[in-house]
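Residue numbers (our numbering), protein chains in the order written: chain A, 1207 to 1466; chain B, 786 to 1177. Glycine included, each C-beta is placed from N, C-alpha and C at the ideal position. Below: one structure, written as structure tokens.
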């Protein structure tokens, strides 16, 4: 089974993200694989461990993206494609177009990726890619079963139950982070990663001109980023609950204008 | 001069960081509360670490270890400092370099099972009358026709309760003083070996520190490690790298965790209508700690790099030991001060870090002993300890 896993490198959300003049300050920020994409890598590895075949990672962006790809290779992916591209402003549509170009002429049974990127939370790229490639798609899966090279059963969690879907391959599938617990890169994996093949392509290698890239190739534009205002410290009511509960309710009514 | 980490080094640090935060940090509070690590959990974290190749990273591949060079190993060891001693011992192993000097038979019998995580050992040099003065030991090994007979007492033996065997020092020729000391490998279950009480400590909860008694312990000649009479030299030569890792690098890691908690708290805690990090007196503490952590880290990494170049780093390790351990003392003291009452209260881990940090200036050579080593090197003309190294 040949699986392509598009991954996105995002700022580490565990760190303090700084915003200056409407832009995220990249200086001093460490970048990681978007967590849902890491889940997709793990899912793809489990599928190939069961059925054989290879996992190919696809990353788009500047030189630093190669670090995310190496990390995925250290986890166990077999090879990687890096579209080396100082992306500037590119939206989901722009990325999906580039990915579709990369897929041209390649052999794959499944495109597996995160349900959204951790930085933008847009969740659009995979659906657009499926549309461009004219492939079936299932989003946000929490489980898979009955794995075969031509199809499988997928499980989506809804508000009132689980949706069980049969899908024929090739297809585009996106994953929820409850699908699995991604493995850590082992020492052996880390040492092996630099020996694994990484294909580097430029947009021009893909036959893409300036009009298809960046802002020109996008359908939306992010005007600016704003940092959420820090929350004011709450008020603590100390004492017996028979006293503190009425005190809290009174405050909610008098100051927060809560209707009771 | 390139200070950047390679892809592989970054991934190594990330893997160790993730392993610690996912597998070890959740166990810290229970270890602290109960004073022990559940043996089943100990086995579980060891197996997970073995699977990832994180166990016995300092051991060369020829002995079945991961075979990292000193610099890479030190990068991992800095991360170990973020968690507690006993969890590091059980998860990542504690294989001392001294056993690499064994005969092929000794390596097969004692080293390899330790690298595979099947057996645990500790070094037992310290005695009630011989701490910094390691040559003052009184444990005696008498040569017999069929080996050695050992009598004596050790104390403060870290991890002694859990260990299967010990590498000990004993006097084999009282006339020759420090040249009359040898090292032996002694199995815990040998007749005459008694593990005494666990000596309670200020910090390092979960790690035992025991007394050991040897009463007419009979061992064969194969238990002598290294040459007869060269034991003290062997011990001093092989403990340096371990000291750089387990004390210096871990001190930097622990200080980093303390600083992170201090910054997080100072940025959230509000008094007089502003967060603590807006007060200049707090800012000074945080800035001083950041500068000192960085300086110590650079010293530790430079020393590791020099060790990999084959340079004699004994005096440099002494410098790193004093610098890193005393830096940790200052950083954790500020940490408690910044957190105020919560720094002193057991509800947050700062109080534990404070207790766990004090030993760094004492074990593996006190600050005073290491300053003496540095000063002797300076008197002996070792100008590389303070001049720019043009000749290296």
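Can you give the beta carbon distance from residue i to residue j, rounded, assuming they're within the 8 Å contact cut?
i: residue 1379 of chain A; j: residue 1355 of chain A; result: So it is not a contact: roughly 14 Å between Cβ atoms.
i: residue 1100 of chain B; j: residue 1027 of chain B; result: Actually they are not in contact, since the Cβ atoms of residue 1100 of chain B and residue 1027 of chain B sit about 17 Å apart, beyond 8 Å.
i: residue 1212 of chain A; j: residue 1319 of chain A; result: 5 Å
i: residue 1030 of chain B; j: residue 1154 of chain B; result: No, residue 1030 of chain B and residue 1154 of chain B are not in contact; Cβ-Cβ is about 19 Å, not under 8 Å.
i: residue 1017 of chain B; j: residue 1011 of chain B; result: With 8 Å as the limit, residue 1017 of chain B and residue 1011 of chain B do not qualify as a contact, their Cβ atoms being about 10 Å apart.
i: residue 1037 of chain B; j: residue 1078 of chain B; result: 6 Å
i: residue 913 of chain B; j: residue 904 of chain B; result: That pair is no contact at about 27 Å.
i: residue 1177 of chain A; j: residue 1284 of chain A; result: Lying before the first or after the last residue shown, residue 1177 of chain A is absent from chain A, which here runs from 1207 to 1466.
i: residue 1269 of chain A; j: residue 1251 of chain A; result: That pair is no contact at about 25 Å.
i: residue 1225 of chain A; j: residue 1432 of chain A; result: 7 Å
i: residue 988 of chain B; j: residue 1156 of chain B; result: Going by Cβ atoms, the distance from residue 988 of chain B to residue 1156 of chain B rounds to 23 Å, so no, they are not a contact pair.
i: residue 856 of chain B; j: residue 1089 of chain B; result: 4 Å
i: residue 869 of chain B; j: residue 813 of chain B; result: 6 Å
Are the CB atoms of residue i and residue j nearer to each other than 8 Å?
i: residue 1148 of chain B; j: residue 1023 of chain B; result: no
i: residue 1265 of chain B; j: residue 947 of chain B; result: Nothing about residue 1265 of chain B can be read from this structure; chain B reaches only from 786 to 1177.
i: residue 1178 of chain B; j: residue 839 of chain B; result: The first residue shown for chain B is 786 and the last is 1177, placing residue 1178 of chain B beyond what the model contains.
i: residue 1439 of chain A; j: residue 1295 of chain A; result: no
i: residue 1278 of chain A; j: residue 1304 of chain A; result: no
i: residue 1371 of chain A; j: residue 1385 of chain A; result: no
i: residue 1352 of chain A; j: residue 1208 of chain A; result: no
i: residue 793 of chain B; j: residue 1334 of chain A; result: no
i: residue 918 of chain B; j: residue 993 of chain B; result: no
i: residue 1187 of chain B; j: residue 861 of chain B; result: Residue 1187 of chain B cannot be examined here, being either before or after the span of chain B that is shown, 786 to 1177.
i: residue 878 of chain B; j: residue 902 of chain B; result: yes
i: residue 1362 of chain A; j: residue 1347 of chain A; result: yes
i: residue 1382 of chain A; j: residue 1307 of chain A; result: no
i: residue 807 of chain B; j: residue 876 of chain B; result: no
i: residue 997 of chain B; j: residue 929 of chain B; result: no
i: residue 1215 of chain A; j: residue 1274 of chain A; result: yes
i: residue 955 of chain B; j: residue 941 of chain B; result: no
i: residue 1109 of chain B; j: residue 1081 of chain B; result: yes
i: residue 1218 of chain A; j: residue 1231 of chain A; result: no
i: residue 1014 of chain B; j: residue 972 of chain B; result: no
My output table needs one value for residue i: the three-state DSSP class, helix, strand or coil.
i: residue 1307 of chain A; result: helix
i: residue 1043 of chain B; result: helix
i: residue 1452 of chain A; result: helix
i: residue 1119 of chain B; result: helix
i: residue 1018 of chain B; result: helix
i: residue 1158 of chain B; result: helix
i: residue 972 of chain B; result: strand
i: residue 1301 of chain A; result: helix
i: residue 1079 of chain B; result: helix
i: residue 1223 of chain A; result: coil
i: residue 896 of chain B; result: helix
i: residue 1131 of chain B; result: coil
i: residue 825 of chain B; result: helix
i: residue 985 of chain B; result: coil
i: residue 1126 of chain B; result: helix
i: residue 1207 of chain A; result: coil
i: residue 877 of chain B; result: helix
i: residue 1085 of chain B; result: helix
i: residue 1139 of chain B; result: helix
i: residue 1343 of chain A; result: strand
i: residue 1239 of chain A; result: strand
i: residue 807 of chain B; result: helix
i: residue 844 of chain B; result: coil
i: residue 1025 of chain B; result: helix
i: residue 747 of chain B; result: Since the displayed chain B opens at 786 and closes at 1177, residue 747 of chain B lies outside it and no answer follows.
For the stretch 1004 to 1012 of chain B and the stretch 1121 to 1128 of chain B, state whether three or more C-beta atom pairs, one from each stretch, are separated by less than 8 Å.
no
Measuring CB atoms only, is the stretch 870 to 884 of chain B touching the stretch 1017 to 1035 of chain B, in the sense that at least three cross pairs come out at less than 8 Å?
Between the stretch 870 to 884 of chain B and the stretch 1017 to 1035 of chain B, the count of C-beta pairs closer than 8 Å reaches three or more; the two stretches touch.
Is it the case that the stretch 1245 to 1254 of chain A contacts the stretch 1326 to 1344 of chain A, given that we only count it when at least three CB pairs across the two stretches are under 8 Å?
no
Against chain B: residues of the stretch 1383 to 1394 of chain A by CB proximity under 8 Å:
1390, 1391, 1392, 1393 and 1394
Is it true that the stretch 1046 to 1063 of chain B meets the stretch 1109 to 1125 of chain B, where meeting means three or more beta-carbon pairs spaced less than 8 Å apart?
Verdict: yes, contact present.
Do three or more CB pairs link the stretch 863 to 875 of chain B to the stretch 1423 to 1435 of chain A at distances below 8 Å?
no
Listed in chain order, which residues of the stretch 1037 to 1062 of chain B have Cβ atoms closer than 7 Å to some Cβ of chain A?
1055
With a threshold of 8 Å, are at least 3 pairs of Cβ atoms found where one atom belongs to the stretch 1376 to 1391 of chain A and the other to the stretch 788 to 808 of chain B?
yes
According to a CB-to-CB cut-off of less than 8 Å, which residues of the stretch 827 to 850 of chain B neighbour chain A?
So the close ones are 836, 837, 838, 839 and 842.
Is it true that the stretch 923 to 933 of chain B meets the stretch 1056 to 1069 of chain B, where meeting means three or more beta-carbon pairs spaced less than 8 Å apart?
no
Is there contact between the stretch 1295 to 1313 of chain A and the stretch 814 to 827 of chain B, where contact requires at least three CB pairs shorter than 8 Å?
no
Any residues in the stretch 1395 to 1422 of chain A with a beta carbon nearer than 8 Å to a beta carbon of chain B? Which ones, in chain order?
1396, 1397, 1399 and 1400
Taking only beta carbons into account, state which residues of the stretch 1352 to 1366 of chain A come closer than 7 Å to chain B, listed in chain order.
none
Give, in chain order, every residue of the stretch 1277 to 1301 of chain A whose Cβ lies closer than 7 Å to some Cβ of chain B.
1277 and 1280
So if I threshold CB-CB distances at 7 Å, which residues from the stretch 1211 to 1236 of chain A count as touching chain B?
none
Cβ-based contacts, 8 Å cut-off: residues of the stretch 908 to 926 of chain B near chain A:
none
Which residues, in order along the stretch 798 to 818 of chain B, keep a beta-carbon less than 7 Å from a beta-carbon of chain A?
800, 803 and 804
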